[in-house]
Ligand code: NAD
């Protein structure tokens, strides 16, 4: 490894790879540093039987872990919160090395994991507490809703946020009393293995969080077949196959999938602020963020000013292979991702799109670097008009009426994230409510919605099923159980009372009950 890192000792990555138990397979998967294309390590290519064994170990550990009180489990996650902050430099180096992201983008992941750990650890008791529910007949029926862990949760993660997506969805699952088996992306296994180590250091029983590495189409199906719930984050295409398999097994799943996210700038917007929002919203993590904007719609009154300023700011962005905080745009993750971005741009330009900024690969910077790119004159036939590019590329177009802006934003089979820019916040809230996306930021690209972990987050349309964050983000990992005790008299017709009389009496009770409810 020739890329120098300040915080990872030689041999650390090999030690992490050694933690994966792959007894049934001698194969391994190479892991490269996108900054240079060099090999930084290998991880085992687990066989399906290794996955089954990992889930069996997790299932055993879950028995003990779920017997701990919620507060004892919360203490572990609060210690993990501290460890992630204390050891952030190590985590940031590993993330940067294996994903090619710059440090400021990696730091968002550190914040996200700490935020989720704090939020769920401090709310778990309340979210999981047994709840008294209205009985069939007031006073005569005592009904309680309990929350039981589902058992073992399988988390399948992509490479773009290798720390966050390895652990942030696992945190509520663990707190609810489940064990977790994680399958990280082939490109980025080391961040997942490092955070697994931190969880153990925080006091989590060793087998309650296991990592299985390997190819998606081998390890993924084996994991879905063995677990009790699947938490999948990745592309819409893979999401469909995951849902199909989970459906066959009658195992519940949540799917956090791809987007084709719009940003709408109205003619009363603060243009300078909107430009900064577009810079963050389009080019964070070199555009490899599920919430990134790939479609920018700007109202005619400010279009020229926005286009000029946005292009100037885009050209100024610094791009380099660096693990320091001083660089703004990093590398694409792999040759596959690089080729996809290059092809989308080349196809659009061939079909008549105009390059306003960027547009070029930068092999002089690193093998998979691509300039932040703005295109105008993008039309329906172009691949990037509809498909997610997942790179630093955005199409920019104008519109005249507010309704047209909303219609353009909704003109997609995806519905993950959007944002609206205006100085009239009433207008902003009204337009936000008209956009069919799971999250919409007003005068903010994605930070406010993402970091509001008390509120649910996820995709409409083909962008997903289910939600992370908030109450939903934890309850999905539980089964509800209702226990009801009937006191005084049974609800069934009493013996020796003619059913006709019973029916008449019950109808009276029902009418009375309705009146009581209406008066409440
Ligand atoms: P991907 O779908 O190719 O892979 C995701 C994970 O699924 C990987 O771990 C992969 O190994 C595994 N996998 C592959 N085939 C599988 C199979 N047959 N069964 C089970 N698992 C399988 O996605 P990617 O390229 O790694 O990630 C990029 C995509 O993820 C983009 O579309 C992006 O928008 C999306 N994403 C969505 C969110 C969100 O929260 N909605 C967050 C991050 C990324």
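In our numbering, the protein residues as written are 146 to 665. Note that CB positions come from ideal geometry on N, CA and C, so glycine has one too. Small disclaimer: the values here were computed from a predicted structure and weren't measured.
- Using a Cβ distance threshold of 8 Å, residue 500 and residue 528 do not count as a contacting pair.
- One thing to note: residue 353 has its Cβ within 8 Å of the Cβ of residue 319.
- The C-beta distance from residue 176 to residue 188 rounds to 6 Å, short enough to fall under 8 Å.
- Checking the DSSP bridge columns, you'll see residue 297 partnered with 324.
- Here residue 578 is exposed. Its C-beta has fewer than 16 other C-beta atoms within 10 Å.
- Measuring C-alpha to C-alpha distances from residue 606 to each of 621, 582, 629 and 305 identifies 582 as the nearest.
- If the five residues before and after residue 522 are omitted, its C-beta is found closer than 7 Å to the C-beta atoms of 497, 498 and 499, all from its own chain and listed in chain order.
- Annotation for residue 246 indicates a beta carbon at 7 Å or more from all heavy atoms of the ligand NAD.
- Listed in chain order, the alpha helix (DSSP H) runs fully inside the region 333-391 are 334-346 and 361-371, counting runs of at least 4 residues.
- As summarised for the region 252-316, the continuous beta strand (DSSP E) elements at least 3 residues long and confined to that stretch are 276-278, 286-294 and 297-301, given in chain order.
- Rounded to the nearest angstrom, the gap between the Cα atoms of residue 337 and residue 408 is 32 Å.
- Cβ neighbours of residue 226 within its own chain (closer than 6 Å, five residues either side excluded): 259, 262 and 263.
- Residue 357 sits away from residue 201, with the two beta carbons spaced by 8 Å or more.
- The region 356-375 makes contact with the region 299-319; the number of CB pairs closer than 8 Å reaches 3 or more.
- Under the DSSP assignment, residue 409 falls in the beta strand (DSSP E) whose first and last residues are 406-410.
- At a Cβ-Cβ threshold of 8 Å, residue 533 and residue 389 do not count as neighbours.
- The alpha helix (DSSP H) runs lying completely inside the region 196-242 and spanning 4 residues or more are 215-231, given in chain order.
- The ligand NAD never approaches residue 177 closely enough for any of its heavy atoms to be under 7 Å from the residue's Cβ.
- In the DSSP assignment, residue 657 falls within the unbroken alpha helix (DSSP H) covering 644-664.
- By the Cβ-count criterion, residue 625 is exposed, with fewer than 16 other Cβ atoms from all chains shown falling within 10 Å of its own Cβ.
- The Cβ atoms of residue 505 and residue 516 sit closer than 8 Å to each other.
- Within a 10 Å sphere around the beta-carbon of residue 445 sit fewer than 16 other beta-carbons, which makes this residue exposed.
- Its Cα nearest to that of residue 271, the residue 291 stands out among 291, 512 and 210.
- Apart from the 5 residues on each side of it in sequence, residue 480 sits with its Cβ closer than 7 Å to the Cβ of 513 in its chain, given in chain order.
- At a cut-off of 7 Å, the beta-carbon of residue 328 counts as near the ligand NAD: some heavy atom of the ligand is closer than that.
- In this chain, residue 630 is not harboured by any alpha helix (DSSP H); it is covered by the beta strand (DSSP E) spanning 623-631.
- Distances between the C-beta of residue 303 and the heavy atoms of the ligand NAD include at least one below 7 Å.
- A residue is called buried once 16 or more other Cβ atoms fall within 10 Å of its Cβ, and residue 566 is buried on that count.
- Beyond the five residues adjoining it in sequence on each side, residue 419 comes within less than 6 Å, by CB distance, of 410 and 566 in the same chain, given in chain order.
- Residue 401 is bridged by DSSP to 378 and 609.
- For the ligand NAD, no non-hydrogen atom lies closer than 7 Å to the CB of residue 243.
- With distances taken between CA atoms, residue 170 lies nearest to 359 out of 359, 296 and 312.
- In the three-state DSSP reduction, residue 157 falls in the helix class (H, G or I).
- In terms of Cβ geometry, residue 456 and residue 502 form a close pair [threshold 8 Å].
- The residues 420, 421 and 424, in chain order, have a CB closer than 8 Å to that of residue 458 in the same chain once the five nearest residues on each side in sequence are set aside.
- In its chain, beyond the 5 residues on either side, 416 have a beta carbon closer than 7 Å to the beta carbon of residue 450.
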